[in-house]
Amino acid sequence: MRDENHLRQRRSTNGPEAGPPPDDEIVISLDELLRVLWRRAWIIALVAGLLTAAAAGFSLLRTPIYEASIQIVIGQREGAAPTNLGSDVMGLQQLTRTMAEVLESRTVANAVIREMNLPTDAETFLENMTVEPVTETQVIEVSYRDPDPERAQQVANTIGRVFSEQVSDLSPSANAVTATVWERAQLPDEPVSPQPLRNAAMALVLGLMLGTGAAFLVEHLDDRWRSPEDAEQVSGVPTFGVVRQFDTSGGKRRRGRLLRRRGDKKEDMLDLAGRLVTLVDQDGLAAEDYRSLRTNLFYAFVDAPPRAIVTTSPGPREGKSTTCANLGVALAQAGRSTLLLDCDLRKPVVHEIFGLRNIRGVVDVLAGTRELREVWHSPVPNLRVVPTGPIPPNPAELLSSRRFQQMLEEARGQFDYVLMDAPPVEAVSDPVILATHSDGVLLVIDAQNTRKGAVRRAMRSLEAVGARVLGTVLNNAGETEGGYYYYRRYGY
C-alpha cells in the first residue's frame, strides 16, 4: 500500500493544481533521465557500435598514406650588409613567410615533377604537399604525402633541394637570401592516414551522443506507460492507483452461475461480470489494488475529501466502468455508504458488471417518473447501484438539467460517496458536464492502449471547464515497470 505520508506530501487538500505540460514540452527529472538512459541503453549501444564499426571498417579499407617532412631554414649569406633585406630578426621572419608562399607555387611543383618524372600534375602535387612556417622562427616545415613511403621521402627531399637551388639561382649576389635544408626527410615507418583507432574513438563519442539523442526521441514518441511517474508527468496530476492485469475467467464462472439462475445468458454480461474482482476474487492482487485506490482517496484529501466523484477515461474500453464498480464495492466494504450512478447514457455497462437488469434507472429519475430510491439495487451491503434505464435521445441535456443537480444533491444527503460512471472524454461532452457537478474526476488510463496525447487532450478538456481532476488510475498494468516496479517502490 502506498505510504500515507507520501500522499499527504505530494497532494494538497484542495487537490492538485498543476496541469499537463504542453504536447511540445518535455519535463524530466534526474531519476527519470537515468531510467530513460537505462531503458534505452540498447539504442545508444546500437548507434555507437554501428558508427564505431563503420569508422573502423572504412579506415581499414582505405589505402595507407605516408608522410615525410623536411625543414628549411631561411637566412642570408655571410657578409651581407645589415641594411639589406634580412637585416634584423623581424625582417627575416617576414621573409620566411614570404618564402613559404613561394614554396607552394606551381613553379616549384613542376620543377620537382620534371626532375622525378612523377605521374601527376601540379594541382595534385600541391594538394599532397603541406608548407607551414614555424611561428617566430626562420624555419619552414615542408611535408609530402604518398601511398609509397619511399616515394614520399624522395619527393620531400627533392622539394628541399630544388627550392634551395631556385632561391640560389635567383639571388646570386652576396646579399642574397638563402634556403638551406636543415633536416632531411626520413623514411616513414607508419602511415599518417588512416588511423583506425583514432577514427573509431571519435566515432564512438559521436555515436554515444547521437544514440543518446535517439534514445530520448524514441522515448518521447513511445506512447507506452512504464510507471506511475509516466502518468503523473503527462497528466500533471497524481497517480492514485495502479491496477494490475487480472484474469476474469474465475469471476465469470462464479458470476455466470448467478446470472444463469436469473435466466440471463448473455455472453457480454458474463465477460463483464468477471471484472468485479473486489467481490469474486477478494484475495487477488487486483482486488488489493482497488483497496489501495480507496485508501489513497481517504488520505489524499483530509480536510476537503471529495464525495461526488466522476470516473471517466480519454477513450472507450479503457476500464473506467470496471474501476468505478470495483471502487464502489471497495468503499462499501470499508463501511462507507456508497451510491453508484451509471451516467453513461449512451453505452451503459455498469448493470452488466453487477448482473442487473437495465429496465429503470437514472433516466427515469431525471424524467420525473421515478424516485431515486425506487430504481437503485443493493448488490452489496452499503452499496446502491442505479443503472441508466432506457437510453435517451438527449443524454447531454438530461445531465445538464436542473433535475440532475437535484438528484445529485439528494444523493449527497444520503450517502458518504456518490460515484458517477461517465462516457469517455474524447467521445462526447457528457463527462465534462458531469465534472462541473462533481467534487472531482478520476481519469482512468489503460496502460496497454491509452495514448499519451489522448490523456493530454482529455486533461485540457476537463480543465477548460474548471473541473477538479483528482488524479489518474493506471489500469491494466502489466508486470513490468508499470506493475512490479510500482509495487517494489512502495513496499509490496
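Residues in the sequence shown are numbered consecutively from 1, following the UniProt record's numbering. Glycine is no exception: its CB is placed at the ideal position from the N, C-alpha and C atoms. Quick caveat: nothing in here was measured; it's all calculated off a predicted structure.
Contacting residues, own chain, Cβ-Cβ under 7 Å from residue i (five flanking each side not counted)
i      : result
Arg370 : Arg360 and Asp364
Gly263 : Low confidence applies here, because Gly263 scores a pLDDT of 44, under 50, leaving its location unreliable and the question unanswered by this model.
Glu229 : Glu32
Residue nearest to residue i in terms of C-alpha spacing, selected from the options
i      : options                           : result
Phe125 : Val108, Pro133 and Thr137         : Val108
Gln333 : Asp344, Pro379, Ile44 and Leu345  : Pro379
Ala464 : Ser429, Asn475 and Glu232         : Ser429
Gly453 : His220, Val181, Arg151 and Glu374 : His220
Arg35  : Arg62, Pro147, Leu118 and Phe216  : Phe216
Arg421 : Ala458, Thr98, Asp342 and Val205  : At residue 421 the sequence reads Asp, which differs from the Arg that was named. Among Ala458, Thr98, Asp342 and Val205, the Cα nearest to that of Asp421 belongs to Asp342.
Pro194 : Pro133, Cys324 and Ile65          : Ile65
Arg224 : Thr120, Asp281, Ser461 and Gln448 : Gln448
Leu95  : Arg106, Gln76, Asn110 and Glu104  : Gln76
Val432 : Val89, Val162 and Ile309          : Ile309
Leu92  : Gly236, Pro133 and Glu123         : Pro133
heavy atom of the ligand FAD below 7 Å from residue i C-beta
i      : result
Leu197 : Of the ligands one can find in the structure shown there are none, so the ligand FAD has no counterpart to examine.
DSSP-derived helix/strand/coil call for residue i
i      : result
Glu183 : strand
Asn326 : helix
Ser235 : helix
Ile65  : strand
Leu206 : helix
Asp146 : strand
Asn394 : coil
Leu383 : strand
Ser164 : helix
Asp271 : Only weak support exists for where Asp271 lies, its pLDDT of 48 falling under 50; the value from the coordinates is given anyway. Asp271: helix per DSSP, three-state reduction.
Val134 : coil
N- and C-terminal bounds of the alpha helix (DSSP H) containing residue i
i      : result
Leu443 : Element bounds for Leu443: not the alpha helix (DSSP H) but the beta strand (DSSP E), Gly440 to Asp446.
Pro379 : First-last for Pro379: His377 to Val380, but that is the beta strand (DSSP E), not the alpha helix (DSSP H).
Pro314 : Where Pro314 is concerned, there is no enclosing alpha helix (DSSP H), given that its DSSP letter is neither H nor E.
Leu37  : Leu30 to Arg39
Val465 : Premise fails: Val465 is in no alpha helix (DSSP H) and is neither H nor E.
Asp421 : Per DSSP, Asp421 belongs to no alpha helix (DSSP H); it is in the beta strand (DSSP E), Tyr417 to Asp421.
Own chain, CB closer than 8 Å to residue i, minus 5 neighbours either side, in chain order
i      : result
Met116 : Gln154, Val155 and Thr158
Val375 : Arg360, Gly361, Val362, Asp364, Val365, Val386, Pro387 and Gly389
Asp189 : Pro149
Residue i versus residue j: straight-line alpha-carbon distance, rounded
i      : j      : result
Ser168 : Val177 : 8 Å
Gln71  : Leu197 : 29 Å
Ala81  : Ala185 : Residue placement at Ala81 is flagged as unreliable, the pLDDT there being 48, under the threshold of 50; the coordinate-derived value follows with that caveat. Computed Cα separation, rounded: 33 Å.
Gln405 : Leu399 : 8 Å
Leu434 : Leu356 : 23 Å
Gln414 : Val218 : 51 Å
Pro191 : Asn199 : 14 Å
Val73  : Pro147 : 27 Å
Ser401 : Leu30  : 48 Å
Phe301 : Lys320 : 22 Å
Leu50  : Gly207 : 8 Å
Close-in-space but distant-in-sequence residues of the same chain around residue i (CB under 6 Å, 5 per side omitted)
i           : result
Val142      : Ile70, Val131 and Ile159
Ala477      : Val242, Arg244, Ala447 and Gly483
Leu204      : Ala48 and Thr52
residue 542 : Because the chain is modelled from 1 through 492, residue 542 falls outside the range shown and cannot be assessed.
Gly425      : The sequence as given places Val at residue 425; Gly does not occur at that position. Only Thr312, Pro314, Pro431, Ala458 and Ser461 meet the Cβ criterion.
Range covered by the beta strand (DSSP E) that runs through residue i
i      : result
Gly471 : Val469 to Ala477
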